[in-house]
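Student:
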Amino acid sequence: MGTSLFKKILIANRGEIAVRVIRACHELGIQAVAIYSQADISSNHVKFADEAYSLGEKPMSYLSIKKIIRVAKKAEADAIHPGYGFLAENPDFVKACEKEGITFIGPGASAMLTMGNKLLARQTMKAVRVPIVPGTTKAISSLEEAKAEIKKIGFPVLIKPAAGGGGKGMMLVHKWEDFSESFESAQRIARSAFGDDEVYLEKYMEKPRHIEVQVMGDKKGNVVHLFERECSVQRRHQKIIEETPSTFLTLGLRKKMCDTAVRAAKTIGYVGAGTIEFIADKNKNFYFMEMNTRLQVEHPITEWVTGIDLVREQIRVAAGLPLSFKQKDLKQHGHSIECRIYAEDSSNNFIPSPGTITYLEIPEGPFIRNDASIYSGYTVPVHYDPLVAKLSVWALTRSAAINKMKNALSRYKILGIRTTESFLRDLLDDEEFKSGQYDTHLVARFLERKVVKTKYTKAEIYAALIASTIKAYERFSIAPEATSSKTSYWRTVARREGLRDHEL
Ligand code: ADP
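To convert, note that position 422 of the sequence shown is 420 in the working numbering; the numbers rise steadily by one, no gaps.
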C-alpha cells in the first residue's frame, strides 16, 4: 500500500486533532511532519511527529499559508492534512497547495468555496431541491428587504453572517423594534470576524434538533454516507455532547436524510470527508443548514458505530484510491457518545481555566477512547480553543453507553485546571437527556434546573462535603499514589459514608 500512498504528510494543525492524524499516518507507514507555534513547543503533536518545524512566536501562525507551504516544501511533504479549524476550510490554502504540487487532503477549492459561503451553499442546495431553512438566499442589504422577508417567514428570525462559523455574529430577533440594531451589529461582527459583512435571514426554528450526516467521496465520483450524528446537546450554539444513532430518527427518516446528504455532496463533486448539517423540527421536517468541508470534531462516534477509520480513508482517497467500502457495506452497530471536555470552570459560568495539569489519570477499559493531547505537567495554552479532551465510548445500547460514559468520566482525573468533566456527568444523568427526547435548548434548561435546586438532603450535603475533602486532598498532596490507591484512607472513609467508587 505504501507505494501508492504518500511518503510524508504535513499536519497543518495542533493539539488532539494533529495527534489523531499523526497516528493514522504512522499506521499507514507514512511519515508525519508537525508544525508548531512557540506556545506549543512542548505539545504532544510535536513529540509524536517524525519531524517538527517551528512557525515562530505568533500563536496564530497556524493561519499562515505562506509559512506552512514553505515548511512543507522544505520537509518534502507530498500532502497536507489540515485537521479542523485554522485553514481547513480555506480555499486559498487548497489553491496554494495545488500550485506547489502538494496534495491537499480534503475537497477541491471549488466545493469548499461553494459551501464556505452560507448564501452560496443555500442557493446551490435550493437549485437541486435539497430543503433549506426558510429564509433568504441573497444578502440582506436594507431594512425594507428584511421586512419583506420577515412578512413571509415571521418572527423569530436569525440574522446570520454569510461567511460565518462558530456561531459568531448570529443574532436572534423576536420583534421588529429590535431588528435594526441587531442587523447593524450582525454586520459589524461579520465584518470584523470574517472580513465580509454580508448577512442573511433564516427562520428561527423553535426547539429544533441539530442532526448531521457524515459523507465521504472519492476522486472516481463515488459518494457514500456514514449515517448521522445527533448534535443537539449544545451550549451557546456549540456542541458539547454528541451521540449516534440519533433517538429522533425513524428508519425511514434516517434514509431520507442520509440520501439527501449524499445528493447534496454529489451536487458539488465532493471528495474526502464532509458533513451535511441539518436542522429538524418537531414535525420531523428537516432542512439543510450548512456543510462542513472537513473532518468534524465529533468524527470518533461515527468511527465507533461504523468501524471505519475516517482519517485513514481521507488519506486514501486524497491519494486517488477509491473508497474502500460501498454504501451497502456500511452499518450502524451499537451506540456511541462523545463528550467534549473543556478547560472551563463549569461552576463559574464556564470561564476559561488554562494552566498547568499537575496530575492526569485517563480512564481505560473496553470501548473507551480518549482523543487528547495532554499529559501531566502540560500547560494548556491561553491562545487556543479550550478543548482539552474528547472522550468517546461505545456500547451495544444507548443506556449502556451513557453508563459507560458516566463511569469513564468519573475516572478521568485532571488536576491543576478546572474542567467541565463533572458538569458533563450531571448532564448525562439528566432525565431529559436520558429520555432521548431533547432539542438544542436542553443544556439551557438543564442549567436552569440546576440553579433552581437549592434544597439538599442531609445525605447529599454529607456526600458533597466528603467529595470536596477528597478533591482538596488530591489537589494538595502528591497525588499519584494517593488517588490511585484502592486502599487509601480517604476511599475507606468515603465508602463507609456510602459513596460509590465512581463518585470518588
Ligand atoms: P455556525 O456555522 O456559526 O456554527 P450554524 O449555522 O452551524 O452556525 O448553527 C449553529 C447552531 O445554531 C445550530 O446547531 C443550532 O443549534 C443553531 N441554529 C442555527 N440556525 C438555526 C435556525 N434557523 N433555527 C434555530 N436554531 C438555529
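Think of the CB as a built atom: it goes at the ideal place given N, C-alpha and C, for glycine as much as any other residue.
Being a predicted model, the structure only gives us computed values, none of them experimental.
1. Roughly how many whole angstroms lie between the Cα atoms of E228 and S180?
2. Specify, as a first and last residue, the run of the alpha helix (DSSP H) that E182 falls within.
3. Exposed or buried, what is M169 when buried is set at 16 or more other beta-carbons lying within 10 Å of its beta-carbon?
4. How many Å lie between T304 and S244 at the Cα?
5. Can Y285 and P379 be called in contact, C-beta distance under 9 Å?
6. Quick check for students: name the residue ranges of the alpha helix (DSSP H) that lie wholly in the segment 338 to 411, counting only runs of 4 or more.
7. Roughly how many angstroms separate the alpha carbons of K5 and G106, rounded to a whole number?
8. With three or more C-beta pairs closer than 8 Å as the rule, is the segment 428 to 441 touching the segment 354 to 370?
9. In the structure shown, what three-state DSSP assignment does G13 receive?
10. Three-state secondary structure (DSSP) at R243?
11. Does the pairing of the segment 92 to 108 with the segment 116 to 129 give three or more beta-carbon distances under 8 Å?
12. Is it the case that the CB of S230 approaches a heavy atom of the ligand ADP more closely than 8 Å?
13. Do you know offhand how far G165's Cα is from P57's?
14. Looking at the structure shown, is L199 part of a helix, part of a strand, or coil, going by DSSP?
15. What is the DSSP secondary structure of H297, reduced to helix, strand or coil?
16. Closer than 7 Å by C-beta to G332: which residues in its own chain qualify, once you throw out the five before and the five after it? Chain order, please.
17. Can you tell me whether DSSP reads L3 as helix, strand or coil?
18. Closer than 7 Å by C-beta to E479: which residues in its own chain qualify, once you throw out the five before and the five after it? Chain order, please.
19. Answer with buried or exposed for Y373, where buried requires no fewer than 16 other C-beta atoms within 10 angstroms of its C-beta.
20. According to DSSP, M168 sits in a beta bridge with which residue or residues?
21. What did DSSP end up calling A30 once you bin it into helix, strand or coil?
22. Nearest-angstrom Cα distance between S108 and E429?
23. Compare the C-alpha of P352 against each of R416, E458, K217, R21 and name the closest.
24. With 9 Å as the threshold, decide whether the Cβ of I157 is near any Cβ in chain C.
25. Buried or exposed: where does L407 fall if 16 or more other Cβ atoms within 10 Å of its Cβ makes it buried?
26. For the beta strand (DSSP E) that contains S52, what are its first and last residues?
27. Helix, strand or coil for R516, going by three-state DSSP, please let me know.
28. Can you check whether the CB of A16 is closer than 9 Å to the CB of S40?
29. Flag V131 as yes when its Cβ comes closer than 8 Å to any non-hydrogen atom of the ligand ADP, and as no otherwise.
30. Exposed or buried, which one is R18 when buried takes at least 16 other CB atoms within 10 Å?
31. Buried or exposed: where does P507 fall if 16 or more other Cβ atoms within 10 Å of its Cβ makes it buried?
32. Are the segment 182 to 202 and the segment 213 to 220 touching, with three or more C-beta to C-beta distances below 8 Å?
33. Give me the residue from Q435, I67, L321, S230 with the minimum Cα distance to F91.
34. Would R367 and E25 be called neighbours here (beta carbons separated by less than 9 Å)?
35. Report yes if the C-beta distance between G163 and D383 is below 9 Å; otherwise report no.
36. Give the single residue among L328, T291, F323, A398 whose Cα lies nearest to the Cα of A119.
Tutor: Checking against the coordinates, here is how it stands:
1. 30 Å
2. 174 to 192
3. Buried: at least 16 other Cβ atoms inside 10 Å.
4. 14 Å
5. no
6. The segment 338 to 411 contains these whole alpha helix (DSSP H) runs: 396 to 408.
7. 21 Å
8. no
9. helix
10. The sequence given here has Pro at residue 243, not Arg. The answer is coil: DSSP assigns P243 none of H, G, I, E or B.
11. no
12. yes
13. Here the C-alpha atom of G165 lies approximately 22 Å from the C-alpha atom of P57.
14. strand
15. helix
16. V303, W392, A393, L394
17. coil
18. The predicted position of E479 is uncertain, since its pLDDT is 45 and thus under 50; no value can be drawn from it.
19. Y373 should be labelled exposed.
20. None, per the DSSP bridge assignment.
21. strand
22. 45 Å
23. R416
24. Absent here is chain C; the protein component of the structure consists of one chain.
25. Flag for L407 reads buried.
26. 49 to 54
27. The structure shown does not extend to residue 516, since the chain spans only -1 to 502, so no value can be given for it.
28. no
29. yes
30. buried
31. Residue numbering for the chain in the displayed model covers -1 to 502; residue 507 lies beyond these limits and cannot be assessed.
32. The way I'd put it, the segment 182 to 202 doesn't touch the segment 213 to 220; fewer than three beta-carbon pairs between them come closer than 8 Å.
33. I67
34. no
35. no
36. T291
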